[in-house]
Structure formats: C-alpha cells, structure tokens
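Residue numbers (my numbering), protein chains in the order written: chain A, 19 to 511; chain B, 1300 to 1552. Take a look at the structure set out below.
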Amino acid sequence: MTTAPQRLTPAPPSGTFLGMPAFPSAAKSALQNQQLRKNLRLATTTIRAKRALRASEVANWEELRTAGEQIKNRVGRHLDTYLLQAEEAMTRAGVVVHWARDAAEANRIVIEIAKAKGTREVVKIKSMVTQEIELNEALEAAGIAAWETDLAELIVQLGHDRPSHILVPAIHRNRSEVREIFQEEMGRWGAPPPDGLTDNPPDLAAAARVHLREKFLRAKVAVSGGNFIVAETGSLVIVESEGNGRMCLTLPETLISVVGIEKLVPTFEDLEVFLRLLPRSSTGERMNPYTSVWTGVTPGDGPQELHVILLDNGRTNVLADPVGREALRCIRCSACMNVCPVYERVGGHAYGSVYPGPIGAILTPQLRGLDSDVDKSLPFASTLCGACNEVCPVKIPIMDLLVHMRHKVVEKKTAQHPTVESAIFGGMGWVMASGRHLAFVQIFSRLAGRMFAGRSHFGPLPPPASAWTKARDLPVPPQQTFREWWSEREDAK
Amino acid sequence: MKPGAGITVALFATCINDTMFPSTPRAVVSVLERLGCTVTFPEGQTCCGQMLTNTGYFAEALPTVRNYVRTFGDQAYIVGPSGSCVGAVRHQHPMLAEQAGDAGLRAEAEAVAARTYDFSEFLVDVLGVTDVGAYFPHRVTYHPTCHSVRVAKVGDRPYRLLKDVRGLDLVELPSSETCCGFGGTFSVKNPDVSVAMGADKARNVMQTGAEYLVTGDNACLMHIGGLLHRMNAGVRTIHLAEILAHTEDGAFA
C-alpha cells in the first residue's frame, strides 16, 4: 500500500482543468444542484442591482466607458512601445523585471525567487493570472506552500474547491457551507477556528482573520497579480476590498507580482478612468476600499525586493486577431458574468475555465486555443442575449466575439472533413439562398401539416428531435405557408 | 387621410414566420392595409441568415445576405415582424460581407439595412401611430425579446402600441428583460440550460395571471410557448402583430 505524499496545502479537486467535460454536460450536472442555483440567484441578483445603481450615478458613464475602451485600444496598438517603457521605468525604480512566455516560464521564475529566499511558503493576494498559470500547484510540487489570503479564496482553498467567479470566487457557497469548511479544515493548515463557531458572517470573518494573521506575520515572500501597470511611471496598482492585499504588499520582504502584458495603461492620468469604472462595475461600490500603488523599492518601507513577471501566455496570439483582440481590453470586473442568465444558472465551474461566464467564453478559447472539447464548446455557452455587452465597462462587444469564436470553431472542426452539422448547415445555406429553394422545401412542412392535421403540437419525439421536445412541445407546421396564402390572394385579385 | 396612404411597404415575412407562423405576416398585412399602406411581398425573399451566422457558418450565411440585397435593394420601406431578424439584417449582414472581403456588398447591405424596420418601429416612427384601431379584450403580458431590445433597439414602442389597444389589460412581467433561454441553436446545443432559463420565464409569465404572452419574435415564443403548452399552463402565446390585427369589427383569423 502506498500513501499519497503529504501535501503542504489543501488539495484542489483535481490537478487541472484539462479533461473536464464540455459545457453542455458540465452545465447539466450543475443545474441539478439546487443549493448552487439558489446561492447564485441571490448573489447575482444583488450585485447586478448594485452595479446598475452605481453606474447610473455617474452622469457621463457612457463617455467613461468609451474612454476605457479607447485607452485599452491604444495600449494594444502600441503594446511593444508601452511594454519597453514600463520595463525601463520599473527597472529605474528598483524593480527586477522578468519576461515569461507561458505559464511554465512564469511559474519557474516564481519558484526560483522563492527558493533563493530560502522560504517554504508564500502568501498570496487574490489574482486571476496566478489561477490561469496554476501557480499554487506548481509551488506545491516545488515544496512551497501558497496560502490564499482573500477570504473567498481561503474558503475555496480550504474547501478543496475551485473558484467559480473571478471576483467572488466562493459565490457558489453559502455561509453554512463556509462554517462547515472552516470547522473541518482550518485547524489542519494553521490556526483553528474558535470553539462554537457559528455561521454568522462576522464570526466567520473573525475566524479567518486569526487564521490568516499568523501567515501574514510569518511570510517572507508574497505573490500578487496586478490590476494595472502605469507605463509612464512603472507603478503597479492593485485594488481590493479586504485589506489582505495591503498586508501582503507591505509586510513580506519580497514581493513577486505576475502581471499579464495587456494590463498596461499609458499614463497615471489614465488610471483615473479605470479606478472609476472598475469598482462600480465589479462590486457595485463607488470606490474600492483599498487601492495600493507602489513604484519600485523604498528603503525601510514595504518590500525591499520587488519582482514583476510580465506574462504573455497566449496574449500575443489574441492580439494578432483583429476581431478577437477586443477581449484583451478586459479589466476583470466580472459585470458580464453577474448579468449573464446562463452563468446565473450553471455557475462558474461548468465552464471548465479559470475565466467563466461571457468573458471566459471568448477569452479562454483564445488564450488556450481551440484544441479541447471544453474550449470548442465555450463560445456556444451563450444565448447571445447581449446583456453582457451593455454592462462591460470597456465596451467589449462580447456578443459579436462569441459569434466570431463560433466561426473559428466551425472552421477548425471542418478543416479536415465535413461534419454532420456542417452538412445540415450547408443544406440550409442552399435553402436560404433563394425564394424558390425555400418554397421547394416548404412542400415538406406543408405535408407534415397535412399529416398531423388536427394536432396543434408534437409532444416528446425520439432523437434528434428530443433535444427540443424532451421538455418543450413543438408546434405542428401549418398546412399553408405565408407565401402560398399570398400568391392565392394575389391570384384572386 | 390614413397614416399609410401613399406608402408602399415590402414585407419581410422571415423564414420562420413564412413556414411555421404564417398568421403573423398575415396580421402585418392586415394592419398595414388597414392603415392605408400598399403591401408587397417580394417572393425571392428567404431568411436573415442568423441561424447560420450565429452557429458559426459564415460562408453558408453569405448567400442570404446577397439574396436579401437582391430582393429588397430597391425598396424604400422593408418591414419584418421580428426584432431578431431585423437586428441580424442591420448588425450582421455588413459584418458577413466584410468577412467575405466584399466591400461592394457591404455598402449595399448597409444601405438596405437602413431601410429595414421592425414592425413596431415602422408603425411608431414612420407611420407615427400607436393607436392602430385594435381591440383585444384580454389580460396580456409582454416579454421584450433580447434582440428586439439590444440589437434592433425597438425600445418602448411595443408597449406604446399595446397600451393603445382597446380592452387590453397589460400586466408587467417580472424580470422581463432576462433572456428566455431560446438562443437559436443554443436551444438544442445546450437544451438543459435553455429549458432551465425557459422554466423561470414561464414561471414569471404564469405569476402575472395573463391569458396571453406577447412578444415581437415568434422564435422566442415557440420556446416559451413549448414549455407552457407542455405544462398545460393555460397561457397562450401570440405575436404583437396578431393582437394589433384584432379590431372591434372582427377578430383576426
């Protein structure tokens, strides 16, 4: 009998997202979880209303969105220039700048720095990019414990779980579930919760505070992402709500920030636009509670060694697509998933992607490519209702990008040989190319109408019609089409 | 003088209405003729192509763009009873032409799209009427379909038309602007999510106590109506045009 090697941190459900089922089947199981659906309905409804209120308070909200769009477009257009400018400014301020082509390179750099510091653990600020590169598991494999310090990320980590939302990663959990996780796991990985822990949110937060404080005070190295880098000054910016970020940014001696190359803004003045757009769009707050801006190293104050890892990991491929690149404007506010009716029902895990919801459906398949079944299914995980378009603070035309990505999936699937679906749609293309063709196939719908005269609807039918009729009746086609009625009427004139 | 006097309208029936729901374009003809318009039906017409476009089949959708431009190119007013199809004509036809590298087609598609109206837009904006002389003594709730609101952007026009129908009791639909879950091929590619969303919509509809659920898009109605019919919910679905076609002098049939 072999025993599993002792883990330093709670194990996630499985090592990786790869091998997850495609969206339709993952969504099907998620729909069965009534607790999940209730939690998501409550949370998204609340946050949606808050966002709408806070956006409506800003008289020039639409202009602000346009400004955000244009600044980010400018960054994309001149990314080469801004990246070098940022590197130079950061280096001048005392930052060690690293470049990482992909996840493996970025993880290796983090591990090397941590090892050079002789530490066996790091504290982390909630960051999407380190989820994207699966840094925690890479650190674990290298014998370094990565501790999440954001409350929701702590819940996820202790729960052997995965984030299901980019801003509120434990949105799928309610407070009684959180209490259970804390009760069960906290003591195994550090300071235990007090006896008689209740599911009262302030009590839960207090237990987390005690648990985390121990780690904050002990850690020599912190790892963060970054919301923005100002190219002009080389300043890094992180916005957060809990103050755990401020702790990580000020207490440990060494700070490593992993930042996607699209996170640049040209000047300090440009920040103003995003610091207004982001909190209102994400948490529905006028201002986020903590905004940390740090420019290089200041002797005697904050981290004395500062590393910034500029990460590509597929971003330059996205930039190469003139349509798809609009997704790179994303500032990870999560407004699109909060408003998405599909996300509301299935939650983030069903997407099999670090970035779930509408932005994930267009960004992940671009970053990872369209090789897996999950990534091929993501652009279709939307009704194209367009609610996301209206809330995006940087005006990403998500609906159009979903359609664009669907086109890419079809191109990929049919590159070698036609599929059943492409044969059907090829036939439909022929039908819809001329009125005569359409009138011809309508012979069959009219025939069906005559055969089933006297019935208004079909009930359950065998496959493939079952996809529709399992839960929905299907109208029986009429015996007379409109064009037939019209031509009879014209003849009678 | 009638508001439509001297105006000729080319009816874009849409493929789904032509084939599955012919009473809707017939109702459009009835209302427009009542208002004094001359209605034509260019028989070369087919479809807006969005089912192909939205499933990713751009090359297959391109002939529908060419066909639309060929069929309606010389018409001053093209009117269709579908916010979704009209939205696709306006928003996707130029994109498809552009993707195909056909700048000439793109310009033509844009020009003809600018003359394409959803039925509710044409009544309110071109004919300048909200009271079309309709009578419909029923309790009705309206679902603003996503593409009518967010692509065609018909705004409050359908509500204004419904409010001016005599005898009609318009009740508000809770969470009205949330998608019903139809989504074209989404309804069969992701049937479980589609039905879950539709079930919530159907529940909201039933809560209103309405006898009729009305929209400006029969495709969405086919989905919500399919659920309501399966449940024997006692709510019927009806297109806006058909309500407007009923008058005190006679029911539209």
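We treat Cβ as the ideally placed atom computed from N, Cα and C, and that holds for glycine.
C-beta contact flag for residue i and residue j at 8 Å
i, j, result
"A:Val-519", "A:Gly-112", "Nothing about residue 519 of chain A can be reported from this structure: the residues present for chain A run from 19 to 511 only."
"A:Leu-293", "A:Cys-351", "no"
"B:Leu-1512", "B:Thr-1444", "no"
"A:Ile-129", "A:Ala-160", "yes"
"A:Leu-273", "A:Ala-240", "yes"
"A:Gly-375", "A:Lys-68", "no"
"A:Lys-233", "A:Trp-165", "yes"
"B:Glu-1420", "B:Arg-1389", "no"
"A:Leu-513", "A:Leu-337", "An answer regarding residue 513 of chain A cannot be provided, because it is not within the stretch 19 to 511 covered by chain A."
"A:Glu-139", "A:Ala-163", "yes"
"B:Leu-1527", "B:Val-1534", "yes"
"A:Phe-476", "A:Leu-465", "no"
"B:Glu-1359", "A:Gly-447", "yes"
"B:Gly-1343", "B:Arg-1365", "no"
"B:Ala-1510", "B:His-1437", "Correcting the residue type first, residue 1510 of chain B is Glu in the shown sequence and not Ala. Going by C-beta atoms, B:Glu-1510 is nearer than 8 Å to B:His-1437."
"A:Phe-522", "A:Leu-222", "Any question about residue 522 of chain A goes unanswered here, given that chain A covers just 19 to 511."
"B:Val-1464", "B:Leu-1334", "no"
"B:Phe-1357", "B:Leu-1310", "no"
Per DSSP, cross-strand counterpart(s) of residue i
i, result
"A:Asp-319", "A:Thr-316"
"B:Tyr-1416", "B:Val-1378"
"B:Arg-1438", "B:Asp-1468"
"B:Leu-1310", "B:Val-1378"
"A:Phe-246", "A:Val-255"
"A:Leu-328", "A:Trp-117 and A:Val-277"
"A:Tyr-308", "A:Glu-258"
"A:Ala-163", "A:Glu-139"
"A:Val-239", "A:Thr-272"
"B:Arg-1535", "B:Tyr-1511"
Neighbouring residues, chain B, relative to residue i (Cβ below 9 Å)
i, result
"A:Pro-42", "Lys-1488, Asn-1489, Pro-1490, Asp-1491 and Val-1492"
Environment of residue i [buried if 16+ CB atoms lie within 10 Å]
i, result
"A:Arg-206", "exposed"
"A:Met-19", "With a pLDDT of 48 at A:Met-19, under the threshold of 50, the modelled position of this residue cannot be trusted, and the question is left open."
"B:Gly-1403", "exposed"
"A:Gly-33", "With a pLDDT of only 48 at A:Gly-33, under 50, the local geometry of the prediction cannot be trusted, and no value is derived from it."
"A:Pro-496", "buried"
"A:Ala-29", "exposed"
"A:Leu-153", "buried"
"B:Thr-1318", "buried"
"A:Phe-41", "buried"
"A:Val-494", "buried"
"B:Ala-1451", "buried"
"A:Lys-142", "buried"
"A:Gln-175", "buried"
Under 8 Å from the C-beta of residue i: neighbouring residues of chain A
i, result
"B:Glu-1359", "Phe-443, Gly-444, Met-446 and Gly-447"
"B:Thr-1345", "Val-449, Met-450, Ala-451, Ser-452, Gly-453, His-455 and Leu-456"
"B:Cys-1336", "The contacting residues do not exist; B:Cys-1336 stays about 15 Å from chain A at best."
"B:His-1392", "Those within 8 Å of B:His-1392 in chain A number zero; the least Cβ separation is about 13 Å."
"B:Phe-1481", "Thr-401"
Interface residues of chain B facing residue i [CB-CB closer than 8 Å]
i, result
"A:Glu-303", "What A:Glu-303 touches in chain B: nothing, since even the nearest Cβ is about 24 Å away."
"A:His-435", "Within chain B, no residue comes near A:His-435; the closest Cβ sits about 16 Å away, beyond 8 Å."
Where residue i meets chain B, residues with beta-carbon distance less than 7 Å
i, result
"A:His-425", "Gly-1355 and Phe-1357"
"A:Lys-46", "Asp-1491"
"A:Phe-500", "Ala-1312, Asn-1316, Asp-1317, Pro-1321, Pro-1324 and Arg-1325"
"A:Ala-338", "Near A:Ala-338 there are no residues of chain B at all, since even the closest Cβ is about 17 Å away, more than 7 Å."
"A:Glu-408", "Arg-1449"
"A:His-475", "His-1528"
Contact list for residue i against chain A, beta-carbon separation under 9 Å
i, result
"B:Leu-1555", "In the structure displayed, chain B extends from 1300 to 1552; residue 1555 of chain B sits before or after that span and is not available."
"B:Phe-1485", "Val-360, Phe-398, Ala-399, Ser-400, Thr-401 and Leu-402"
"B:Glu-1420", "By Cβ distance, chain A contributes nothing, its closest Cβ being about 18 Å from B:Glu-1420, past 9 Å."
"B:Pro-1362", "Gly-447, Trp-448, Met-450, Ala-451 and Ser-452"
"B:Cys-1384", "Going along chain A, no residue has its Cβ under 9 Å from B:Cys-1384, so there is no contact; the nearest lies around 12 Å."
Test: residue i CB closer than 8 Å to a CB of chain E
i, result
"A:Leu-82", "Looking at the structure shown, chain E is missing, and the protein chains on hand are A and B."
Within chain A, the residues that residue i reaches when beta carbons sit closer than 7 Å
i, result
"B:Met-1496", "Pro-359 and Arg-363"
"B:Leu-1472", "Under the 7 Å cutoff, chain A gives no residues; its nearest Cβ is about 15 Å from B:Leu-1472."
Heavy atom of the ligand SAM within 7 Å of residue i beta-carbon
i, result
"A:Gly-161", "The ligand content of the structure shown is nil, which means the ligand SAM is not present either."
Task: the segment 270-296 of chain A: positions lying closer than 9 Å to chain B by Cβ - done: For the segment 270-296 of chain A, which is checked against every Cβ of chain B, not one residue is closer than 9 Å.
Task: Selection of the segment 49-71 of chain A by Cβ proximity to chain B, strictly under 7 Å - done: Those would be Leu-49, in chain order.
Task: Against chain A: residues of the segment 1502-1525 of chain B by CB proximity under 8 Å - done: From the segment 1502-1525 of chain B, only Met-1521, His-1522, Gly-1524 and Gly-1525 have a Cβ closer than 8 Å to chain A.
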